[in-house]
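In what follows, a single structure is set out as structure tokens and then discussed.
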Amino acid sequence: MQLVQSPSTKHVQAITVEMRSFDDEVVQGLQQFLIFPLRTVLMQCTSQSLPEQVLIETCQALNVLLSKSLLHNKAVFMDLFSILTNLMFFDKTNSMAPRCLSEEEKMAVVQALCTLITKSSDEVLHEVYVPSNIARLGSVVSQLVAFVSDTKTSRSLRSQAMDTLLVLMQKRTYKHKEEWWQHGSRFAGLLPGISTAMLKVVIGDSKQGHQLFCKALDVWTEVACLTLGDESLSREQNEGFAWIDGLQMPQRLKELITRRDENWVKSVLPRMEFMIKEISKLKKHDNWKVRRAFVKWGDCLLCQCEKSLSNCASLILEVLVLLMTDSYTQVAAPAKAALEKYRDRQSSIEGCRPLVEILKENLYSLVTSLPRRIRMEDEEEKGAVVGLLNGYISLLGNNMSALLLSLPHVTRLAKVLVQVLQLDVTDQKILEESGMGAKGSTNLSNFLQRVNVMKPRKVFVHFRDDNVKAGLLKACRLLGFYGDLSILVECFLDLYRESAAHQLSCVLIINEILAGHGERKDTVEGVFSTESGREDVVRMLLEEYLSYDNMTLCETKPQTQLVPVSSSSSSSSPSVSLYLMDDCDAEAQQTATTRNKAIMLTCLFLEGVAVCAKVTGKKLRLMLTDALYPVAEKMGSEVSAVSSTAYLTLCHMAEACQYSSVDELIQSNADYLVNSISLRLRHFHRHARAPSVLSVMLQLCTTNILSLVWDSIVEILETLDEHHAEQAVVFLPVLYQLTLAVARWFPVQHTPQQAKPTSPKAKADPAEIVQLLVERHRTRLQAEAYEEEAAAEDPHTVEEEAAKMAEEGELEEKAEEKKEPPLHVKAVKEVLSRTKHLVSSSDPRLTLLALDIIQQGCLDLADHQNELLPMVHQLWQSFKQRFQDTEKLVVIKAVKTLHRLCSCCGDFIRQRVEKDVLPSLKSCLEKQAQISRQCGSSYHYTVNFKLQLTLLSTLGEMALQMGLDGAGLEQVLYCCLPYLSQHQPAKLQQACVESVKQLMMCDADIVWLALSGLYMPAVPAPPSHHFQPVTVFKGVGENNEYSTSVTMLFQHMDSSSKPDT
Amino acid sequence: MAGVVPNKSIKTDGSKEPLPPPSPTYILRGAESPVTALEYTEPALGTLLSGCQNGTIHLWDLNSRRNEETFDAHNGKPVLYLKSEDASRLLMSHGRDGYFKFWKNVGPEFELDGKIEAEGDGFCPPVPLKQKKLTRLIALPGSDSVVNIFELNSRSLVRTLSSGASSGELGLCMCMCAIPNLAGNDESLLVGYESGKMILWDIGTGKIQHQAPVHADAVMCMAYSSPEFNKGLSGSVDEMLVAWSITEDGEIQTVNKLESTNAGFNDVKIRPDDRIAVTAGWDNNIRVFNMKSLRPLAILAYHRDSVHCVEFSENYMLAAGSKDHLISVWDIYRQV
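Line by line, the protein sequences give chains A and B.
To convert, note that position 311 of the first sequence is 809 in the numbering used here; the numbers rise steadily by one, no gaps.
To convert, note that position 312 of the second sequence is 621 in the numbering used here; the numbers rise steadily by one, no gaps.
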């Protein structure tokens, strides 16, 4: 009771604490008792100035009290209500007030008011709304609105004021359900005030925070629904305002209640529509909670004010549709639910404009404005527009297909999409990235290492944002998902054919449509077009995409490809240098753009094929007959964008056909590839890449492919015969691959021939030796016979010779039992017989390749000596010239090839080597020995050094394999000797020493003699004193440049001969 | 400027570039021996049958273009004739082992369902014949110049066509074709002999209706159009291709002679619509002729060896089997 006498903070606080500790029931019981002192204090506040804190504390105490109890007493309620409202009016403007309330005080009062209203029973609360109190209600509301609209007031006060407004308006407070609609009229007069204030908050400073924003939106919605709600309006108008007229109250007061007749509605609507427009502008608010509030806003308005605000329905729908595509499900889900609710309600109510109609209309207008908006507006806005488009399409759902049946609509939509999705191909990068591609010869694994697989970036003319792109592509997919595939594809193909400018976007869109259609199979099965319809479309697209003209778009002109690259041995492909030249040109930009476009289009085609693959699945296997080859061929494109796209497409195809890998895809369908290749080889000038695909196949496939590719290989060989000058560059790699493949398929059993026991010291069975000698004699005779023939005959009569040889061969074979050589042997033979012309080509690259082929081919034939030896004989004429070649790389390769020949043919070629090869090699080695003496380290990187090294490291083994002896051996030996000098580079010395060691195995004596000529550690002791000591050697025991190597060799000789003797 | 000129010339060359020579639509690979006989099944099935020199029969799926099945039908002897019936459930084949065999399609495999022993082991493929009463007849070459007519249902010999002349005079029976009669259902049989003579046989009576020495050397192949169009073609070992017709009196009348550049024809077929005819030549080429004007239309060059047989499907796709083990399928003049 002290409180009443001396109201102080302390006392109030004490009460508050006390009350907090009580049970709700206890507080309820003591309510009357407790309210009284608080009320008194508040009363005092109104009349006299009490410390600020007291008012605040008192309000809080009241808060606590009311929150723990319910107020049933009308009188008390009204009393408190009026005191609190009075307090609220203490303001600067109010002269009656003893003082201005501070921010905190206002806050406390409003809060208390809010609690008071919430915690009063319906019965009691009804008092507020009785017509006699209408003036007070109005003033309270306007004061609250004033708080809200005063931006200087604190955020919490504004928020609290809005809460209070909500509480005042909420329907819970209507005691008599049948009368609640009357409230609409009570607030109608306040509608402009409230709504404008809220609008101000909503469109106000974004810094004020989303909570305030949401609340304001809520209040706005509430007041709009309350006053303009369809149900309340219709009832009001039906009952003809009888209740207002029937009220017993002064006319002045009656006028405060607005008659919501049609005129009133008409007068209010424009303003409301304006506000809806303003508010909907903010639908893309950054905060998702705000966007969620928008959903609620739209939902409520659509639900309750459908008729009154019907003009705004499409606008509100637009907001909802946009929010439906929101990235937050918390926003998107309720938006979707709201739209669905709306649609359901629409269908149940007759005479309403169906949602579909509105949506269609909105879609049309959006589509019409789309190009303009995409071109003009900022990126964010574009994203929203595209989101909206997607929203409409997905909302229309299955209705979309009906809509798309109308031709004008489809065409309009198609044109718009094509315009909007225009690709930008002016970027130089597309071209720059070319040249890193697979460059013709494709080796799958190499390919993957060389090209980092990437898709070309698509850049659009009208927008940059990825979200916009994703959105637009999604729109296309949605079209495919809902629409009729064949109609859509037809429509876009028409546009595609109509103008070259639209090709890119058309293909892009068709791909997306198809992809979208593919998504359908999992969800909606067979509702629209049948499976076969889809297959037809896919077939049609594949045919279009992979047509010859489309697939050769980004090829360099066939003419440039056929130009032999002979003049330059640089590895840059001719096409690349061609672009560079173009760039200098004045029209470069134009050309580059055209090229870019071609590249992009090709990539899009390939991507389209991948989509087709995805959509068709395993059925693609049947279409591989025609589809596999073009894609495989594109993988060899020198434009990296194209080749990597092609690779990705192959991956998709393999996946669709349920192959484990691209390799398996190619292996299992080698027959289709072969078919395509062989047919294309016939028109070689149009299909210059066919051979490279063939070589990829040879790499990947197994033996059984040989019979399949046989006729293609024959075709290649024949083409090669006809024009070997131009096309050898393309064909030789294939032939080389063939020889490699043969080696892989039929591993050679043959082991390189070892030196025959030439040393008479060797203890061998005499009969064996005799036999060996006879055999060797025979071989040698044979070799000599060929030699003579070759010498006697004109090189032009090679065929004759071959025929003769064949006869001989036949005779031999007959003796053994005639047998056709296996196919692979035949193939290698055919290949080798072609290379004999090419080995002498003027283009070193060709020569190198040809030598590679000879090397590999001889290895392949090693098990078939009867085939190999005549072949080697045929090749020899042109082969031996290679050792005099000016291009040292060719010589090196020739030496390596000779090495291989030696290992395969052994002494068959000995005489030839002695006669044709050794002299030139010898002069070469001797000449180079002078140069390499005491040369700098940079010499190690020269071709000559490599040649020397190759020669020195192979000569020994070759001599051993050929069974070189006598003069021949001596020749080899003497050209090695200079390299035993310590002035020679260490590597050469090393190689030479190794070779000489192998020469020792041929004939140790000759070697000893030669070495002794260089350096003699000591005068050899005669085996018996009957002999005179040899005195041929000069400078015995004198160390010279050779002593190190020679000593080493002598030691080796001793150690290896000891076990023998 | 110098750079521009060659560019231009390239462009004009490009535009004037003639159409590339026709290519086959696809090639069927996998036969291990020369292809000697071909037969399309009904288009709906999309299967092609081929017979080989080594006696095997291959079944090709034309959708996947792959060999579906292979079986040895004639003990390593060349297959001369293939005919599928009843939606390819039934297959008949004739080979140089001297047997006319019936095959039943059991699941994926074919099972032998009886055979007729023809006395001959010559080169002549049999020909199905129709008569008013006996609708399933087959003319099988017998020994020397004799032709035996069998009834297929009972598989019994119904008639033997023998000129009575010494066999040396006519030589082996080389090829046959049925000549339908405009009036009735009775078909006559035209037989070409090694001597170059062609004889028109009346099946009902077994008598010679007419005979004419059309070719100077063995008649290698012949084909006859519909009786309305009334034109036949026959080829021999020389360059000449002879067009003939059957007069109302039932006589063979030479209409025209076509000279081709290379000698030797293995097979000739007239498309069922009588618009074009194709020949299989020893020169590895397939030639297409206009039936109305009897002018050559195209040379289809693909094979590397003599073409043995040609065959039209119901939708006018052309298949050709060659000694090079390949079967080429052509999509040519289908719109004519």
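Note that the Cβ used here is the ideal one computed from N, Cα and C, for glycine as well.
In the DSSP annotation of this structure, the continuous segment of the alpha helix (DSSP H) that includes arginine 1119 of chain A starts and ends at 1118 to 1132. Proximity of asparagine 1048 of chain A to chain B, defined by a Cβ-Cβ separation below 7 angstroms, is not satisfied.
Classified as exposed, glycine 416 of chain B has fewer than 16 neighbouring CB atoms from the shown chains inside 10 Å of its CB. The beta carbon of leucine 481 of chain B lies closer than 6 angstroms to those of Gly431 and Glu503 in the same chain, with the five residues before and after it left out. If you draw a 10 Å sphere on the C-beta of glutamate 1010 of chain A, you find 16 or more other C-beta atoms in it, and that means buried.
Contact annotation, lysine 604 of chain A with phenylalanine 579 of chain A: C-beta distance approximately 16 angstroms; criterion of less than 8 angstroms not satisfied. The Cβ-Cβ distance between alanine 1360 of chain A and cysteine 1400 of chain A does not fall below 7 angstroms.
Near chain A, meaning a CB-to-CB distance below 8 angstroms, the residues of the region 606 to 638 of chain B are Tyr611, Arg613, Asp633 and Leu635.
Interface annotation, asparagine 1173 of chain A: in contact with chain B, CB-CB separation under 7 angstroms.
Residue-level contact by beta carbon fails for arginine 643 of chain B and chain A, as no gap is shorter than 7 angstroms. Contact of arginine 338 of chain B with chain A is assigned, a C-beta pair being separated by under 7 angstroms.
Here glutamate 623 of chain B carries a coil assignment [DSSP, helix/strand/coil]. For the 7 angstroms CB-CB criterion, glycine 515 of chain B and cysteine 530 of chain B do not form a contact.
For methionine 822 of chain A, the enclosing alpha helix (DSSP H) covers residues 811 to 822. The CB of serine 342 of chain B never comes closer than 7 angstroms to any CB in chain A; the least such distance is about 12 angstroms. Of the residues assessed, phenylalanine 772 of chain A falls on the exposed side of the cut-off, its CB having fewer than 16 other CB atoms within 10 angstroms. Assignment of beta-bridge partners to alanine 521 of chain B by DSSP yields B:Met507.
Beta-carbon to beta-carbon, tyrosine 1437 of chain A and proline 1483 of chain A are separated by about 7 angstroms, close enough to satisfy the 8 angstroms threshold.
When the five nearest sequence neighbours on each side are left out, the beta carbons in the same chain lying within less than 8 angstroms of the beta carbon of arginine 873 of chain A are those of His960, in order along the chain.
Nearest to serine 393 of chain B by C-alpha distance, out of B:Lys566, B:Cys486 and B:Ile366, is B:Ile366. Sequence-ordered contacts of the region 361 to 390 of chain B with chain A read Asn372, Ser373, Arg374 and Arg375 [C-beta pairs closer than 8 angstroms]. Exclusion of the five residues before and after lysine 1334 of chain A leaves Gln1372, Leu1373 and Ser1376 as the residues of its chain whose Cβ lies within less than 7 angstroms of its Cβ. Under the three-state reduction of DSSP output, valine 436 of chain B falls in the strand class. Positions of the beta strand (DSSP E) runs, each at least 3 residues long and wholly inside the region 847 to 924 of chain A, cannot be given because no such run exists. Residue-level contact by beta carbon holds for histidine 1181 of chain A and chain B, with a gap shorter than 7 angstroms. By the Cβ test, the region 915 to 922 of chain A is in contact with the region 866 to 884 of chain A, since at least three Cβ pairs between them sit closer than 8 angstroms. The Cβ neighbour count for phenylalanine 1229 of chain A, taken over all protein chains shown within 10 Å, is at least 16; the residue is labelled buried. Contact between asparagine 593 of chain B and arginine 613 of chain B holds: their C-beta atoms lie close to 6 angstroms from each other, under 8 angstroms.
Pairing leucine 815 of chain A with valine 793 of chain A gives a Cβ-Cβ distance that is not under 7 angstroms. According to DSSP, glutamate 378 of chain B shares a beta bridge with B:Leu368.
Comparing alpha carbon positions, the residue from B:Leu609, B:Ser471 and B:His403 closest to isoleucine 641 of chain B is B:Leu609. Around cysteine 1474 of chain A, the same chain offers Leu1450, Leu1453, Cys1490, Ser1493 and Val1494 as residues with beta carbons nearer than 7 angstroms, after the five sequence neighbours per side are excluded. The three-state reading of DSSP puts tryptophan 639 of chain B in strand, counting E and B together. Chain-order list of chain A residues neighbouring tyrosine 335 of chain B: Thr1123, Asn1173 and Leu1177, by C-beta distance under 8 angstroms.
For leucine 901 of chain A, the closest Cβ of chain B is not nearer than 7 angstroms. Secondary structure note for asparagine 414 of chain B: its beta strand (DSSP E) is the uninterrupted segment 408 to 415.
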